[in-house]
Amino acid sequence: LMLRRTHYARQTLGLEPINPGPVVREFAVRVPDLDAFVARARAAGINPGYRLGRDYPEYADGLLVAITERRTKADIDRFAAVVGAVREEAHA
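Residues in the sequence shown are numbered consecutively from 14, following the numbering used here.
#1: Per the contact definition of three or more C-beta pairs closer than 8 Å, is the region 44-51 in contact with the region 87-94?
#2: What does a CB cutoff of less than 7 Å around I59 pick up in its chain, not counting 5 residues either side in sequence?
#3: In chain order, what are the residue ranges of uninterrupted alpha helix (DSSP H) at least 4 long that sit wholly in the region 36-92?
#4: With distances taken from CA atoms, which of H104, E71 and V78 is nearest H20?
#5: Going by beta-carbon coordinates alone, are V36 and R23 separated by less than 8 Å?
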């Protein structure tokens, strides 16, 4: 179940994976407008994940996303909606 949920999240978010290999609970993605995404996610009450740039300057646009047992498909869909909203704003 965990593998399916994490795979679903990675596919649904539609962000470029930093490591495209198999994942179990966590995966790293590139987020084009990371600041806007993090702000929007927090405003929606969603923990956006861990900014990889804190420890890895080469991944300033990187985000580590963790999917726990408590995350439902609806939670993942809400997270993906934030990604979509930030993308739309960037292209407006």
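A virtual CB, placed ideally from N, CA and C, is assigned to each residue, including glycine.
On the basis of the supplied data:
#1: Judged by Cβ distances under 8 Å, the region 87-94 makes no contact with the region 44-51, as fewer than three pairs qualify.
#2: Closer than 7 Å at Cβ, skipping near neighbours: R91, F92 and V95.
#3: Entirely contained in the region 36-92, the alpha helix (DSSP H) runs reaching 4 residues are, in chain order, 47-56.
#4: Ranking H104, E71 and V78 by Cα distance to H20 puts V78 first.
#5: In this structure, V36 places its C-beta atom within 8 Å of the C-beta atom of R23.
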